[in-house]
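Mapped onto this note's numbering, the consecutive letters of the sequence shown carry residue numbers 4 to 609. C-beta: ideal position from N, C-alpha, C; glycine also.
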Amino acid sequence: MQSAAALQILKKTYGYECFRGQQAEIIDHVVGGGHAFVLMPTGSGKSLCYQIPALCRDGVGVIISPLIALMQDQVTALQLLGVRAAAINSSMSASHISETKTAIRNGAIDMVYVAPERLLMDDMLNVLSQSPIALFAIDAAHCVSQWGHDFRPHYVQLSLLAERFPNVPRVALTATADAPTRKDIIDRLHLRNGKTFLGGFDRPNIHYSIAIKDNPKQQLLRFIRENHPRDSGIVYCLSRKAVDETAEWLCDEGFPALPYHAGMTAEMRARNQEKFLREDAIIMVATIAFGMGIDKPDVRFVAHMTIPKNIEAYYQETGRAGRDGLPANAMMFYGMSDAALQRSFIDTGGAPENQKRIEHQKLGALLGLCEAAGCRRQVMLDYFGDASAPCNYCDTCQNPPERFDGTIAAQKAISCVWRTGQRFGVSYLIDILLGKSNARVESFGHDKISTFGIGGEHNKNDWQSVFRQLVAQNLLSTDISGHGGLCITPQGQAFLENREELWLRKPAAPARKTIRQAASKPAAVAPVGDPSLFEALKARRAELARAQNVPPYVIFHDKALVEMANRKPGSSEALLLISGVGETKLQRYGQHFLEVILQHNTGADM
Ligand code: ADP
Ligand code: ZN
4 MQSAAALQIL KKTYGYECFR GQQAEIIDHV VGGGHAFVLM PTGSGKSLCY
54 QIPALCRDGV GVIISPLIAL MQDQVTALQL LGVRAAAINS SMSASHISET
104 KTAIRNGAID MVYVAPERLL MDDMLNVLSQ SPIALFAIDA AHCVSQWGHD
154 FRPHYVQLSL LAERFPNVPR VALTATADAP TRKDIIDRLH LRNGKTFLGG
204 FDRPNIHYSI AIKDNPKQQL LRFIRENHPR DSGIVYCLSR KAVDETAEWL
254 CDEGFPALPY HAGMTAEMRA RNQEKFLRED AIIMVATIAF GMGIDKPDVR
304 FVAHMTIPKN IEAYYQETGR AGRDGLPANA MMFYGMSDAA LQRSFIDTGG
354 APENQKRIEH QKLGALLGLC EAAGCRRQVM LDYFGDASAP CNYCDTCQNP
404 PERFDGTIAA QKAISCVWRT GQRFGVSYLI DILLGKSNAR VESFGHDKIS
454 TFGIGGEHNK NDWQSVFRQL VAQNLLSTDI SGHGGLCITP QGQAFLENRE
504 ELWLRKPAAP ARKTIRQAAS KPAAVAPVGD PSLFEALKAR RAELARAQNV
554 PPYVIFHDKA LVEMANRKPG SSEALLLISG VGETKLQRYG QHFLEVILQH
604 NTGADM
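Structure (structure tokens):
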């Protein structure tokens with residue numbers, strides 16, 4: 004049964020009409036004192052699952068988050084809703100922290116965000132043991148597990164919460180955790196006698212595209228120009244150098260791009276992150292060091308200039324797009340050399356052997372996704388154990404690749420690898436298959452072997468695709484030295500010996516076509532009926548945000564502005580019906596936005 008108090012808070016404080024998905028069930032369970040493990044995709048509304056119980060229950064809600072850089076924005080967002088929120092982390096002055104602690108003791112704080120290392124200090128634990136606590140929320144809970152993709156040693160010590168505060172509900176939340184990680188989280192945080200809520204992994208508003216690299220900078224430029232000329236987005240590059248070059252080049256092309264990588268000073272990074280969060284339409288060009296926990300809701304695209312580490316990382320990185328539920332694009336450009344590079348990172352990474360083996364397998368699954376002939380979303384969801392139907396909202400659904408019987412081609416390619424001694428890279432092997440001789444080929448005597456010139460029925464591009472797919476299907480793999488030489492895997496041996504049949508996808512359609520498709524797809528959410536009013540509302544929001552030194556989206560999300568532009572509310576009562584307009588925000592900002600709508604209406608009438 005849904006508690007009336009929780010619904011009341013949802014409406015009055017947050018301005019939302021009804022709970023989504025499993026929110027109501029989770030909130031009831033936690034309000035009733037239960038522990039919970041919540042796995043729900045980004046953007047599905049996990050925050051309310053602990054914020055509302057924290058407001059319903061007596062005492063302070065303690066939220067543990069690894070991201071101190073973002074805490075202040077989270078706290079500001081709550082304060083603008085009229086919630087008494089605070090943060091405690093190492094970036095704050097001792098006097099500020101001690102004030103907050105006093106406020107907690109006096110019951111004057113509804114929610115406090117704490118970094119794990121702070122929470123674990125004796126002093127903080129003492130304050131908490133002297134104060135009523137509504138709940139502990141462990142955000143980014145995958146950080147407790149070594150199986151997860153972002154292990155944090157301090158998180159492991161959070162197991163002491165169960166010992167020190169056995170009667171306080173613990174809610175662990177994450178958007179990414181495979182089965183072993185889930186088990187690990189539940190064990191370490193002692194949630195076995197709590198309830199598990201699995202919300203699936205799908206992000207229906209994200210459109211996925213993966214294109215073969217062929218002049219990636221131009222591909223990126225075209226993608227941005229055609230789909231996101233005035234949007235905020237993230238471009239992931241592999242190296243610091245690539246980040247700097249790409250950011251500079253995008254700026255030259257007229258886009259406000261900023262770099263972000265570990266080679267910059269902490270101040271520079273903080274400044275760029277701040278700009279990205281606070282200004283409209285900034286493109287952040289970054290290494291994967293950027294983005295963890297960024298909850299900017301209106302990131303409209305994430306582009307990968309090279310493949311990520313594995314499917315979890317891809318899901319996590321692309322997941323930063325479209326948290327507000329409006330349509331967003333995930334675009335990846337990939338090439339064979341990316342795979343070789345990732346393999347060599349794993350091999351030289353210093354992890355124990357069995358960890359390396361797991362990482363290689365995970366990379367293989369990602370390559371499978373890149374070469375998938377069927378729905379991308381289905382492959383991805385399947386990887387996380389979610390069965391689903393083709394989505395109709397990804398590049399391969401909208402533009403299905405043709406397939407062909409690739410048995411002979413695969414046999415020729417693998418034999419060629421064998422005949423040349425399993426140490427040459429793709430370009431060399433293709434030269435042999437196409438019968439192209441040169442000094443190097445002759446020096447090895449490879450112009451005399453039986454596979455020389457047996458591949459004339461396909462061109463170079465086709466062969467590249469065949470080799471990529473053989474690697475993706477793990478019949479071939481790049482050698483350990485990381486020089487990009489290919490060798491035959493046991494599966495590849497078996498394939499040759501058993502004369503198995505193999506279907507392959509024809510080389511992907513030119514990237515341009517795939518990208519256009521992404522843009523021409525009808526929006527998943529009602530489009531803006533009056534774009535000029537929407538722009539005017541955004542401009543007013545930007546002014547208010549600057550004046551108050553907060554990110555624009557903590558005032559109102561784009562989604563609320565879209566709804567205002569469509570429904571043009573003319574009174575406070577009507578404005579209150581817009582999703583995302585609660586009572587405090589109405590008081591604070593209502594007049595500003597009503598004014599813009601009124602001006603626009605009278606302007607249009609004249
Ligand atoms: P997550 O933490 O799961 O990524 P958030 O908690 O940030 O997601 O929520 C994503 C967005 O959805 C936020 O803007 C939030 O305010 C909004 N939201 C959450 N619950 C609801 C709801 N019941 N109705 C409307 N919007 C909601
Ligand atoms: Zn699909």
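Through-space distance from residue j to residue i, alpha-carbon basis
i	j	result
Val-302	Gln-496	46 Å
Met-43	Arg-508	33 Å
His-264	Val-41	31 Å
Ala-416	Glu-256	41 Å
Ser-347	Val-65	42 Å
Ser-535	Arg-228	21 Å
Ala-97	Phe-537	43 Å
Arg-515	Phe-226	With a pLDDT of 46 at Arg-515, under the threshold of 50, the modelled position of this residue cannot be trusted; read the value that follows with caution. Arg-515 and Phe-226: Cα-Cα distance of roughly 8 Å.
Glu-102	Met-95	11 Å
Leu-138	Phe-387	29 Å
Ala-140	Leu-192	11 Å
Gln-25	Phe-200	8 Å
Met-567	Ile-558	14 Å
Ile-91	Pro-300	24 Å
Arg-360	Leu-540	53 Å
Glu-576	Ser-582	13 Å
Ser-480	Thr-268	38 Å
Ile-349	Asn-441	34 Å
Glu-315	Val-599	43 Å
Lys-15	Ala-72	29 Å
Asn-569	Gln-11	26 Å
Arg-326	Arg-185	23 Å
Ala-375	Met-335	13 Å
Tyr-2	Gln-364	The question about residue 2 has no answer, for the chain in this structure spans 4 to 609.
8 Å Cβ cutoff met for residue i and residue j
i	j	result
Asn-230	Asn-395	no
Leu-589	Leu-601	no
Tyr-17	Gly-593	no
Leu-34	Ser-6	One detail in the question is off: residue 34 reads as Val in this sequence, not Leu. For Val-34 and Ser-6, yes; Cβs fall inside 8 Å.
Leu-384	Asn-208	no
Arg-422	Ile-452	yes
Phe-154	Ser-162	no
Tyr-317	Leu-241	no
Gln-401	Pro-393	no
Pro-612	Gly-36	The requested residue 612 is not part of the displayed model; the chain covers only 4 to 609.
Arg-549	Phe-596	no
Tyr-239	His-307	yes
Arg-108	Gln-133	yes
Ala-413	Val-469	yes
Cys-378	Cys-397	yes
Gly-424	Gly-438	no
Ala-180	Met-114	no
Nearest to residue i (by Cα), restricted to the options the options
i	options	result
Gly-428	Ser-340, Asn-357 and Ser-347	Ser-340
Arg-272	Ala-289, Gly-257, Pro-259 and Ala-413	Ala-289
Ile-29	Ala-284, Gly-409, Val-174 and Asp-125	Val-174
Gly-532	Lys-562, Arg-543 and Pro-510	Lys-562
Asp-126	Leu-138, Ile-100, Ala-143 and Val-115	Ile-100
Leu-83	Phe-22, Gly-606, Arg-591 and Tyr-211	Arg-591
Ile-237	Cys-254, Asp-190, Thr-268 and Glu-320	Glu-320
Arg-233	Asn-218, Asp-350 and Leu-253	Leu-253
Gln-476	Glu-277, Leu-128, Met-334 and Pro-493	Pro-493
Phe-626	Gly-322, Leu-280 and Asn-129	What is shown of the chain runs 4 to 609, which leaves residue 626 out entirely.
Ala-434	Gln-425, Gly-424 and Cys-419	Note that residue 434 is Asp in the sequence shown, not Ala. Per the Cα distances, Cys-419.
Gln-472	Arg-426, Tyr-431, Gly-409 and His-449	Gly-409
Ala-324	Val-305, Ile-310, Asn-313 and Pro-183	Val-305
Ser-50	Leu-81, Thr-249, Ala-111 and His-38	Leu-81
Bridge partner(s) assigned by DSSP for residue i
i	result
Asn-332	His-210 and Phe-304
Arg-173	Phe-139
Ile-67	Val-117 and Ile-141
Cys-490	Ser-480
Gly-236	Ile-286 and Phe-304
Lys-2	With the chain covering 4 to 609 only, the question about residue 2 has no answer from this structure.
Arg-508	Arg-406
Leu-261	Met-287
Tyr-337	Ile-215
- Taking only runs that begin and end inside the region 88 to 166, name each unbroken beta strand (DSSP E) of 3 or more residues, in chain order. 88 to 91, 114 to 117 and 136 to 141
- Could you pull out every unbroken alpha helix (DSSP H) segment of at least 4 residues lying fully inside the region 373 to 424, listed in chain order? 379 to 386, 398 to 401 and 410 to 422
- Residue ranges of each beta strand (DSSP E) run of no fewer than 3 residues wholly in the region 17 to 80, ordered along the chain? Entirely contained in the region 17 to 80, the beta strand (DSSP E) runs reaching 3 residues are, in chain order, 39 to 42 and 63 to 67.
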